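Residue numbers (my numbering), protein chains in the order written: chain P, 3 to 410; chain Y, 2 to 301. Using N, Cα and C, we set each Cβ at its ideal position, and we do this for glycine too. Bear in mind that the values here come from a model prediction, so they are computed numbers and not experimental data. Below: the structure, in structure tokens.
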């Protein structure tokens, strides 16, 4: 029996339109479950529903406006301090997603956030572009079994003792390893205050009440699977330029591992890119420019923030795009059939003509034909192109595939 | 991407926000019995062999959730039993464990004296446990309706282990009180949705369960049993001699249940107790040392 799933992956540095694509797929796939295959609450995938409701999805899958459930895979990093706030925001929009999580999903504690913020503050102007939410620190801590914390551990009667041990034994160890000798006052206070742990334990209890524990192995019982990757291939821990990377696999690696466990045999993968390139925070950005001629950048999600600064811009580099996707597609697929396609977004922001580069060559593209030109040059079939922020603005080359899944 | 909610000054706000700033009903789910857990509404709970679990072993964990168990029941149902089930899934003291969790109340005073989850073979059971309703009544009449769990096993479960392979499952009741002497016909009718010709004594309920389950009881030394342990044991030991255990530290319920199963499956009791790290070893050793047959061993 073949079991088919979809996947949406960012092709470069995030902000490619993954939320829009997942929303569109979920709307075409009744009873879908959106699976978070990497990242954590630091992701921010914007979806505007047909009625104009807008939400930046952090924990929850971007298919929620379309009625999809959410599943956190074993690679997703849970952040109990933030989940309830996002659920409250969604509830105001009339959305109450059903959420499940693999019991192995790692959990961020307040102490990971504190270390993360202390580290980025200590770097001053040389920040790495971290979001300041403790994602990478959670992965680092979980490498040590005695300090590891996964979703399943939140049930254990010794949770309090574990948190105290993370605070009293791990934090000093980690700060020393990072060469941080003094913390800003606010962080010192938060670290010393017992309320921090008490508050976090209450958040964990509430987290468990909203999240059903469900093993990745039985994922297909929850619905037709749509994998939603976070960040982009250019930020992959093994492929990006260290240290300006995220500590996870942003492409097919995690997705294939989950799919193998869940018995998924066919994977329909969409790589998403804007028709230009953006990047948050520090790190190399080939061809970076202050403004892009021919593009009117619209991005209400990425307001400048203290941790990541402003959005940076460059023309789309087809050479980089091709290389990133090709590398992702050379991974061992463990017997799973993978078909890949491209989605090009934000075409509505392009004026009459705009430039892309292919290696050193500059090309001018007509927005009306740009998506298929880009797909041809990258060597992938075109799956979708977007001409606005809503699913109705997506020109569909995915309908056939989605319809095929829906009838299975 | 791009979420940066926690600025350093947010820390004060995080800690200042009242821990229960959100409504209880928003944070905790159940405010009444969920019909899916009501034994009067389901025919049988099934534990079936499957490709994943070819040699299934049913295990029923039935905990007292009445007021006298106080915070212990709360902690057990919301955390301890989930730890216990994960330990069983991970350690597999028997082949392919299928676990059902039941919440026992008092048939004289509770609206929902018995609730039961499905049999599950993995951690997905956890959310069912958390959806059970902790009614919090009971107490005041020197007993709880533990016999309801025995009847549940006898009347409302169907297992491949017993029916196809003649192997018994495991049934543990857990609590701090004496056992009421069985159930009246009216109580059985209300709890199970069947019409019995007469009521049943505690011994009769137990005997029915023992046809297809190895039955044990664990006395948690808290609440009622903290001050009246002799009275609790006087009620249980004649029913389950050698199979009634006293647990001093309720946080070690997982270790004790797994130990009892392993010992019943033939492992050496001393070795099993010694297999637990740190303080758990002593707590488990003391609990299993309470067995009468252990007390008969010569002391050197």
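The alpha helix (DSSP H) runs of length 4 or more contained entirely in the segment 60-105 of chain P are, from start to end of the chain, 82-94.
At least one CB of chain P lies nearer than 7 Å to the CB of residue 123(Y). For a Cβ distance threshold of 9 Å, nothing in chain P lies close to residue 45(Y): the least Cβ distance comes to about 22 Å. Contact annotation: residue 54(Y) and residue 122(Y) have beta-carbon atoms nearer than 7 Å. Apart from the 5 residues on each side of it in sequence, residue 255(Y) sits with its Cβ closer than 6 Å to the Cβ of 84, 85, 88 in its chain, given in chain order. For residue 269(P), the three-state secondary structure derived from DSSP is strand. Of the residues assessed, residue 93(P) falls on the exposed side of the cut-off, its CB having fewer than 16 other CB atoms within 10 angstroms. Straight-line spacing of the CA atoms in residue 151(Y) and residue 182(Y) works out to 12 Å.
Contact annotation: in the segment 66-93 of chain Y, residues whose CB is within less than 8 Å of a CB in chain P are 76, 79, 80, 81, 83, 84, 87.
The bridge partners DSSP lists for residue 101(Y) are 61(Y).
For the segment 180-199 of chain P, the beta-carbon criterion of a distance under 8 Å to any beta-carbon of chain Y is satisfied by 186, 188, 189, 191, 192, 195, 197, 198. Shortest Cα-Cα distance from residue 55(P) to any of 61(P), 67(P), 199(P) involves 67(P). According to the DSSP assignment, residue 149(Y) belongs to the alpha helix (DSSP H) that extends over 148-157. Straight across, the Cα-Cα distance linking residue 183(P) with residue 168(P) is about 18 Å. Within the DSSP secondary-structure output, residue 233(Y) pairs in no beta bridge. Per DSSP, residue 90(Y) lies in no beta strand (DSSP E) segment; the continuous alpha helix (DSSP H) that holds it begins and ends at 82-92. Residue pairing by DSSP places residue 314(P) opposite 281(P) in a beta bridge.
Listed in chain order, the non-local C-beta contacts of residue 238(P) below 7 Å within the same chain comprise 247, 251, 252, 253, local neighbours out to five positions each way being set aside. Burial of residue 114(Y) is indicated by the presence of at least 16 other C-beta atoms within 10 angstroms of its C-beta. Closest in alpha carbon position to residue 8(P), among 36(P), 374(P), 294(P), is 36(P).
Contact check for residue 351(P) against residue 16(P) fails: the beta carbons are separated by 7 Å or more. Along the segment 139-167 of chain P, going in chain order, the ones with a CB nearer than 7 Å to a CB of chain Y are 154, 157, 158, 159. The beta-carbon of residue 295(P) is placed no less than 7 Å from the nearest beta-carbon of chain Y. The distance from the Cβ of residue 105(Y) to that of residue 66(Y) is about 7 Å, consistent with a contact at the 8 Å cut-off. The DSSP-derived three-state label of residue 45(P) is coil. Close to chain Y, meaning a Cβ-Cβ distance shorter than 9 Å, is no residue of the segment 383-398 of chain P at all.
At a Cβ-Cβ threshold of 7 Å, residue 10(P) and residue 272(P) count as neighbours.
The beta carbon of residue 174(P) sits no closer than 7 Å to any beta carbon of chain Y. Going by DSSP, residue 135(Y) is part of no alpha helix (DSSP H) at all; its letter is neither H nor E. Residue range 369-380 is occupied by the alpha helix (DSSP H) that includes residue 373(P).
With a minimum length of 3 residues, the unbroken runs of beta strand (DSSP E) contained wholly in the segment 146-231 of chain Y fall at 158-160, 170-176, 214-221.
Straight-line measurement puts the Cα of residue 47(P) at about 23 Å from the Cα of residue 290(P).
The C-alpha of residue 263(Y) lies about 16 Å from the C-alpha of residue 281(Y).
The segment 173-249 of chain P contains, as complete beta strand (DSSP E) runs of 3+ residues, the segments 213-215, 226-230 (chain order).
Of 137(P), 222(P), 229(P), 111(P), the smallest CA-CA separation from residue 44(P) is found for 137(P).
Shortest Cα-Cα distance from residue 216(P) to any of 119(P), 191(P), 73(P) involves 73(P).
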